[in-house]
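Last residue of the sequence shown: number 451 in my numbering, and the count goes up by one each step with no gaps.
Here a beta-carbon is modelled for each residue, glycine too, at the ideal position from N, C-alpha and C.
All of these numbers come straight from a predicted model, not from anything done at the bench.
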Amino acid sequence: MLATKFAYREVLLAFVLLALVSTSLHANMRKNFKALETSYERGRINEIASQISTLKPSSNEEKAFVLFLRAMVENKSSQVSSNYLQQAISSYPNTKYGQLCMLQQAKLFVLERRAEEAKTMLDKINSSQIPERYYWLAVCEEMADRPSSVISNAENYQRLQSRGEYLEESYYLIVNAYMGQCKYQSAINTLNKLAAIKGYPTDAQYFHYLLGLAYHRAGNWQEALSNYQQGMEITRYSQVAYMIEDQIFELKAKHGSKVDLSFLYPYQKLEILEAETSEETEQQVVEIETPPADTPLKLTGKPGRGLYLQTGRFGVEANARSIAHRIRGLKLPSGYYEDRSRKDVPWVTFSGPFKTAAEQNQALNILKENQIDCFKIRH
Numbered sequence: 073m074l075a076t077k078f079a080y081r082e083v084l085l086a087f088v089l090l091a092l093v094s095t096s097l098h099a100n101m102r103k104n105f106k107a108l109e110t111s112y113e114r115g116r117i118n119e120i121a122s123q124i125s126t127l128k129p130s131s132n133e134e135k136a137f138v139l140f141l142r143a144m145v146e147n148k149s150s151q152v153s154s155n156y157l158q159q160a161i162s163s164y165p166n167t168k169y170g171q172l173c174m175l176q177q178a179k180l181f182v183l184e185r186r187a188e189e190a191k192t193m194l195d196k197i198n199s200s201q202i203p204e205r206y207y208w209l210a211v212c213e214e215m216a217d218r219p220s221s222v223i224s225n226a227e228n229y230q231r232l233q234s235r236g237e238y239l240e241e242s243y244y245l246i247v248n249a250y251m252g253q254c255k256y257q258s259a260i261n262t263l264n265k266l267a268a269i270k271g272y273p274t275d276a277q278y279f280h281y282l283l284g285l286a287y288h289r290a291g292n293w294q295e296a297l298s299n300y301q302q303g304m305e306i307t308r309y310s311q312v313a314y315m316i317e318d319q320i321f322e323l324k325a326k327h328g329s330k331v332d333l334s335f336l337y338p339y340q341k342l343e344i345l346e347a348e349t350s351e352e353t354e355q356q357v358v359e360i361e362t363p364p365a366d367t368p369l370k371l372t373g374k375p376g377r378g379l380y381l382q383t384g385r386f387g388v389e390a391n392a393r394s395i396a397h398r399i400r401g402l403k404l405p406s407g408y409y410e411d412r413s414r415k416d417v418p419w420v421t422f423s424g425p426f427k428t429a430a431e432q433n434q435a436l437n438i439l440k441e442n443q444i445d446c447f448k449i450r451h
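This is how it looks when you write it as structure tokens:
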């Protein structure tokens with residue numbers, strides 16, 4: 073599931089430095105405990121660690137609070153942290169920090185992909201002032217592949233926490249649930265709602281990837297390509313960028329020359345041979361030598377001197393191999409190689425070499441007739 077990358081990332085961060093959902097959860101604690109609570113809310117973990125041993129809790133709330141803090145500052149073992157959480161849960165389940173320990177234990181279960189145990193723990197939280205539980209319930213339902221429950225829990229979270237810590241991620245959970253139900257217009261509408269909120273999206277590249285994917289699946293390839301391009305323009309050096317690239321080439325395979333990929337690899341003008349005047353006249357039909365069947369597709373380096381057609385640059389080797397195979401199927405010489413100077417799109421595909429300009433021109437026409445974009449180069 074796409075949105076789970078956010079869930080697991082947030083688990084790791086939130087477990088160490090949890091921003092408390094609401095300071096209106098009043099805990100009946102003495103002054104020194106409240107002072108340490110304030111330090112925790114401000115993220116002063118080192119200060120807390122040095123003071124825990126000085127605390128002498130008397131009430132259930134104070135005892136639950138100390139166990140909660142011990143779990144939060146424990147950095148050697150998740151099992152030790154879990155032991156503190158479980159102790160607070162079993163002994164002080166109706167206190168503020170007993171309930172927050174349930175929330176943290178549920179996050180640990182999510183991290184370990186124990187979705188049903190996490191859901192059971194979240195269902196025990198009965199405080200109306202911990203709406204964050206609905207976000208994590210939505211995560212659990214996504215892991216269990218229950219899209220309708222994902223949507224209802226994520227919407228509950230949004231209703232109760234209109235500017236919550238996981239607001240954007242909750243929208244992505246809903247989008248992916250709709251996508252799983254093939255409700256692509258609902259996914260598009262959900263993303264547009266997110267974009268209408270001031271300050272969102274914060275992860276613009278992932279937003280455009282999802283919006284492009286929703287349009288793509290809905291059959292609107294023009295809007296899909298527009299969003300994919302906007303996503304690629306943010307950065308080309310991320311995992312999401314490679315996910316976008318794969319979808320772009322899926323569009324290209326289906327719609328051919330209608331899909332302009334020039335934004336993927338802006339070439340230097342000097343790489344492209346200027347069109348010769350003779351090209352404007354009728355092209356001479358020549359016989360192009362077919363490469364031997366055992367000629368390797370992948371070269372160890374840039375091809376030798378001669379006339380070629382460059383047919384693309386790809387971030388994924390499998391895409392380069394596929395287009396080279398396709399060109400071979402047209403009885404034209406073809407191959408690909410790795411250009412290590414371009415880490416974002418290193419795999420270069422080509423057709424050639426050709427003995428004459430006439431062969432090069434004829435091959436260019438054949439490729440364009442088969443919806444394979446290319447241009448002439450000389451090595």
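Residues 139 of the same chain have their beta carbon placed closer than 8 Å to that of residue 159, with the five preceding and five following residues left out of the count. At the C-beta level, residue 425 and residue 364 stay beyond 8 Å of one another. Nearest neighbour of residue 290 by Cα position, chosen from 303, 268, 273 and 261, turns out to be 261.
Going by DSSP, residue 448 is part of the beta strand (DSSP E) stretching over 447-450.
Under a 10 Å Cβ-count criterion, residue 135 is classified as buried, with 16 or more other Cβ atoms of the shown protein chains found around its own Cβ. Going by C-alpha positions, residue 141 is about 47 Å away from residue 288. A buried status is given to residue 448, since no fewer than 16 other beta-carbon atoms sit within 10 Å of its beta-carbon.
Take the alpha-carbon of residue 113 and the one of residue 178: they are about 20 Å apart.
For residue 231, no beta strand (DSSP E) encloses it; the enclosing alpha helix (DSSP H) starts and ends at 219-232. Taking C-beta separations shorter than 8 Å and ignoring five residues to either side along the sequence, the partners of residue 305 in its chain run 335, following chain order. The three-state secondary structure of residue 239, taken from DSSP, is helix. Each residue's CA atom was taken as its position, placing residue 436 and residue 446 some 7 Å apart. Between residue 383 and residue 423 a beta carbon distance of about 6 Å is seen, short of the 8 Å cut, so the two are scored as contacting.
Close CB contacts of residue 193 within its chain, under the 7 Å cut and outside five residues either way in sequence, are with 174, 177, 178 and 181 (chain order). Put simply, the backbone Cα of residue 257 is about 33 Å away from that of residue 201.
For residue 324, the CB contacts under 8 Å within the same chain, skipping 5 residues up- and downstream, are 331 and 333 in chain order.
Between residue 247 and residue 450, the alpha-carbon positions lie close to 47 Å from each other. Using a Cβ distance threshold of 8 Å, residue 314 and residue 407 do not count as a contacting pair. C-alpha of residue 155 to C-alpha of residue 125: approximately 18 Å in a straight line. Shown here, residue 410 sits in a strand according to DSSP, grouped into three states. DSSP places residue 281 inside the alpha helix (DSSP H), whose first and last residues are 276-290. Selection 215, 218 and 209 evaluated against residue 226 yields 209 as nearest (Cα-Cα).
The three-state reading of DSSP puts residue 387 in coil, since its state is none of H, G, I, E or B. Taken atom to atom, the span from the alpha-carbon of residue 132 to that of residue 167 is near 7 Å. Taking all protein chains shown into account, residue 212 has 16 or more neighbouring C-beta atoms within 10 Å of its C-beta and is therefore buried. By the criterion of a C-beta distance shorter than 6 Å, residue 251 is surrounded in its chain by 259, once the five residues flanking it on both sides are discounted. Counted as a single uninterrupted DSSP element, the beta strand (DSSP E) harbouring residue 420 occupies residues 419-426. Take residue 101, set aside five residues on each side of it, and the residues of its chain with a beta-carbon closer than 8 Å to its own are 109, 131, 133, 134 and 137, in chain order.
Going by DSSP, residue 116 is part of no alpha helix (DSSP H) at all; its letter is neither H nor E. Boundaries of the alpha helix (DSSP H) around residue 303: 293-306. Spanning the alpha carbons of residue 312 and residue 318 requires a straight line of approximately 10 Å. Counting other Cβ atoms within 10 Å of its Cβ, residue 153 reaches 16 or more and is therefore classed as buried. Following the DSSP letters along the chain, one finds residue 144 inside the alpha helix (DSSP H) bounded by residues 132-145. The residues 187, in chain order, have a CB closer than 6 Å to that of residue 216 in the same chain once the five nearest residues on each side in sequence are set aside.
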